[in-house]
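See structure below.
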Amino acid sequence: MEHHENVKELNQILDFSIALFEDLYQESKQAPYITMMGLFAAMVEQCQALGTLLEKRQFAATQSIARNILEIYVDIKNVAKEGNYVNYLWAEYYNREKELVKSKSKQKQYRKLRNDSFSLYRPAQDFYCLTISEKFTQADLKDEYSSVYCRLSAHTHSGCFFIIKQGYRKK
541 MEHHENVKEL NQILDFSIAL FEDLYQESKQ APYITMMGLF AAMVEQCQAL
591 GTLLEKRQFA ATQSIARNIL EIYVDIKNVA KEGNYVNYLW AEYYNREKEL
641 VKSKSKQKQY RKLRNDSFSL YRPAQDFYCL TISEKFTQAD LKDEYSSVYC
691 RLSAHTHSGC FFIIKQGYRK K
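One point on numbering: in my numbering, the residue at position 40 of the sequence shown is 580, and numbering is uninterrupted.
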């Protein structure tokens with residue numbers, strides 16, 4: 541299959557996914573529903589970005605996007621496997637938000653929002669931010685973590701690696 545055929549097929553899948561999202565979307569304040577729809581929307585958006593870059597033959601950022609798509613996939617698998625996994629995602633979200641604000645009152649506000657979200661599931665259980673390795677292990681994707689994900693991370697995080705790689709291509 542040619543490059544442009546792959547992009548065309550990806551765009552058809554994305555069109556179908558967007559239509560499906562619009563059919564499924566409802567106004568809801570329930571954390572599990574919001575989380576799953578958010579993951580679905582994030583997956584579609586990241587795949588659209590990947591398709592756009594491939595169409596324009598701009599490949600430098602595709603590895604970063606592919607890594608993000610893989611992370612979203614892991615989260616979806618974990619939620620499907622254990623609905624309570626949503627709490628780990630909320631913990632990650634609220635901890636990031638709490639870190640972004642400087643005032644103690646705002647930090648308390650995010651802590652309360654986080655704790656309220658947890659009470660929807662298991663009020664007595666404490667949830668924390670999982671490492672990316674723990675997420676892959678929980679999703680039964682440990683081999684993918686140690687191979688594909690680590691390779692994508694090396695390309696994404698290492699500016700030096702990218703510069704060296706580009707230098708070798710020019711020779």
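For every residue, glycine included, the Cβ atom is placed at its ideal position computed from N, Cα and C.
CB of residue i within 8 Å of CB of residue j, strictly
i	j	result
Asp615	Leu579	yes
Leu629	Thr575	yes
Cys669	Asn635	yes
Lys596	Ala679	no
Leu593	Ala582	no
Gly591	Leu564	no
Cβ neighbour criterion (16 or more within 10 Å) applied to residue i
i	result
Leu692	buried
Pro663	Reliability of the predicted coordinates at Pro663 is poor, the pLDDT of 45 falling under 50, and the value obtained from them is presented with this limitation in mind. So Pro663 counts as exposed.
Ile605	buried
Asn546	exposed
Lys675	buried
Phe667	buried
Ala631	buried
Lys646	exposed
- Task: Could you name each continuous alpha helix (DSSP H) segment of 4 residues or more that falls completely within the segment 547 to 608, going from the start of the chain to the end?
- Result: 571 to 595
- Should the segment 581 to 590 be regarded as contacting the segment 606 to 613, the criterion being three or more beta carbon pairs within less than 8 Å? yes
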